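Heads up: the sequence shown at position 9 corresponds to 9 in full-length UniProt numbering, and the numbers run straight through without jumps.
Virtual Cβ for every residue (Gly too), placed ideally from N, Cα, C.
Remember, it's a predicted structure, so these values are computed and weren't measured experimentally.
Working notes, structure below.
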Amino acid sequence: MSADEPIIRRRVVSGGHGISDARTNNAKTQSQYQPYKDAAWGFINHWYPAVFSKELG
1 MSADEPIIRR
11 RVVSGGHGIS
21 DARTNNAKTQ
31 SQYQPYKDAA
41 WGFINHWYPA
51 VFSKELG
(Lines of atoms letter the chains of each structure in order from A and count residues from 1; the text may use other names and numbers.)
(Lines give C-alpha, C1' and ligand atoms only; values in the text may rest on other atoms or scores of the structure.)
Protein backbone atom coordinates (compact mmCIF):
# COMPACT_ATOMS: atom_id res chain seq x y z
CA MET A 1 0.00 0.00 0.00
CA SER A 2 1.43 3.34 -0.97
CA ALA A 3 1.40 6.45 1.19
CA ASP A 4 -1.09 8.30 -1.05
CA GLU A 5 -3.82 5.62 -0.88
CA PRO A 6 -6.53 6.27 1.71
CA ILE A 7 -6.99 3.82 4.56
CA ILE A 8 -10.17 1.80 4.12
CA ARG A 9 -12.09 1.46 7.37
CA ARG A 10 -14.54 -1.39 7.91
CA ARG A 11 -17.00 0.71 9.88
CA VAL A 12 -17.37 4.13 11.37
CA VAL A 13 -18.16 4.26 15.07
CA SER A 14 -19.80 7.41 16.33
CA GLY A 15 -19.74 8.41 19.96
CA GLY A 16 -16.48 6.62 20.69
CA HIS A 17 -17.89 3.50 22.37
CA GLY A 18 -19.75 1.68 19.59
CA ILE A 19 -22.91 0.93 21.60
CA SER A 20 -26.06 2.81 20.73
CA ASP A 21 -27.77 4.91 23.39
CA ALA A 22 -30.99 2.94 22.87
CA ARG A 23 -29.23 -0.30 23.83
CA THR A 24 -27.39 1.06 26.86
CA ASN A 25 -30.53 2.65 28.29
CA ASN A 26 -33.09 -0.06 27.58
CA ALA A 27 -35.00 -1.72 30.42
CA LYS A 28 -33.42 -5.17 29.94
CA THR A 29 -29.90 -3.85 30.31
CA GLN A 30 -30.78 -1.66 33.28
CA SER A 31 -32.57 -4.50 35.12
CA GLN A 32 -29.61 -6.83 34.50
CA TYR A 33 -27.31 -4.59 36.53
CA GLN A 34 -29.85 -3.48 39.16
CA PRO A 35 -28.63 -5.93 41.88
CA TYR A 36 -25.11 -4.53 41.52
CA LYS A 37 -26.40 -0.98 41.88
CA ASP A 38 -28.57 -1.82 44.90
CA ALA A 39 -25.94 -3.81 46.83
CA ALA A 40 -24.24 -1.85 49.58
CA TRP A 41 -22.30 -4.66 51.29
CA GLY A 42 -22.64 -7.57 48.87
CA PHE A 43 -25.51 -9.77 47.90
CA ILE A 44 -27.99 -11.65 50.07
CA ASN A 45 -27.45 -15.45 50.06
CA HIS A 46 -24.08 -15.16 48.31
CA TRP A 47 -20.95 -16.84 49.60
CA TYR A 48 -17.76 -14.77 49.74
CA PRO A 49 -14.40 -16.50 50.30
CA ALA A 50 -12.69 -15.61 53.58
CA VAL A 51 -9.25 -17.16 52.91
CA PHE A 52 -7.01 -17.71 49.92
CA SER A 53 -6.95 -21.21 48.43
CA LYS A 54 -3.20 -21.56 49.13
CA GLU A 55 -3.92 -21.01 52.86
CA LEU A 56 -6.27 -24.02 52.91
CA GLY A 57 -3.42 -26.42 52.25
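CA-to-CA distance, residue j to residue i, given in whole angstroms
i	j	result
TRP47	ASN25	30 angstroms
GLN32	PRO49	24 angstroms
ASP38	VAL51	26 angstroms
LEU56	THR29	38 angstroms
SER53	ALA40	26 angstroms
Own chain partners of residue i with C-beta closer than 8 angstroms, once the 5 adjacent residues on each side are dropped
i	result
ASP4	none
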